[in-house]
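Protein chains in written order, with my numbering: chain D, 13 to 124; chain G, 62 to 170.
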């Protein structure tokens, strides 16, 4: 089954404790991206990757890192999480930029 | 950058038609999408339209595109309670999809 898998689905952590949210797709897609969803703000793009070893900042990259060492994986790293990063995070992939995006189920992160 | 606007809320009765509207700013957009998000779930692609089309129909869904006015709409015929969700308009640019803030559709029996 074609899918985008994120882990974990729920995470509560403390300020400053590094964490990684994993994202994996099995569709051999070139393009992957991370979004955060906040009430009243919709989805905002954090980072995207057009291909392996190619990553770029989206609209709200501050406080986040990503890497794309393999085509299927695109982890989101929070080196020092802060409460304003409490949000619902989505990973998405598509064959190429601008084409139909497939979304993961989301990761609800709470930073206390 | 691209700006995508949607009304935030729509309430209809079961059996009525729903129309969700979206406006965007970048006239060079190629694909325009409608996604649906049910509570606690990710976004699911409903339908899309290519920029050289005016209309696309897919069962109960009709997408209308007015390129001159940069206006996109989604019509849901015979709306059911299971259609209650948040609907996002998304516009494809060179390197990203830009989403509207979403329209919450509430369908009452």
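Think of the CB as a built atom: it goes at the ideal place given N, C-alpha and C, for glycine as much as any other residue.
Could you tell me which residues DSSP pairs with residue i in its beta bridges?
i: residue 54 (chain D); result: D:50
i: residue 115 (chain D); result: D:104
i: residue 124 (chain D); result: Paired residues: none, contrary to the question.
i: residue 97 (chain G); result: G:105 and G:148
Below 8 Å on C-beta distance, what does residue i contact in chain D?
i: residue 106 (chain G); result: 112, 113 and 114
Nearest-angstrom Cα distance between residue i and residue j?
i: residue 65 (chain G); j: residue 20 (chain D); result: 30 Å
i: residue 70 (chain D); j: residue 130 (chain G); result: 27 Å
i: residue 69 (chain G); j: residue 100 (chain G); result: 16 Å
i: residue 166 (chain G); j: residue 79 (chain G); result: 8 Å
i: residue 98 (chain D); j: residue 121 (chain D); result: 5 Å
i: residue 14 (chain D); j: residue 75 (chain D); result: 31 Å
i: residue 71 (chain G); j: residue 103 (chain G); result: 21 Å
i: residue 143 (chain G); j: residue 115 (chain D); result: 20 Å
Using 7 Å as the threshold, is the C-beta distance between residue i and residue j below it?
i: residue 80 (chain D); j: residue 61 (chain D); result: yes
i: residue 140 (chain G); j: residue 168 (chain G); result: yes
i: residue 158 (chain G); j: residue 112 (chain D); result: no
Using a C-beta to C-beta distance shorter than 9 Å, which residues of chain G count as neighbours of residue i?
i: residue 109 (chain D); result: 153, 154, 155, 156, 157 and 158
i: residue 62 (chain D); result: 156
For a contact defined as C-beta to C-beta under 9 Å, what are the partners of residue i on chain D?
i: residue 162 (chain G); result: 52, 53, 54 and 55
Chain G partners of residue i, CB-CB under 8 Å?
i: residue 101 (chain D); result: By Cβ distance, chain G contributes nothing, its closest Cβ being about 11 Å from residue 101 (chain D), past 8 Å.
Under 7 Å Cβ-Cβ, which residues of chain D neighbour residue i?
i: residue 91 (chain G); result: 110
i: residue 109 (chain G); result: 112
Q: Report the residue ranges of all beta strand (DSSP E) runs contained in full by the region 25-97 of chain D; include only those spanning at least 3 residues, in chain order.
A: As far as the region 25-97 of chain D is concerned, its whole beta strand (DSSP E) runs of at least 3 residues are 31-37, 43-50, 54-63, 66-69 and 88-90.
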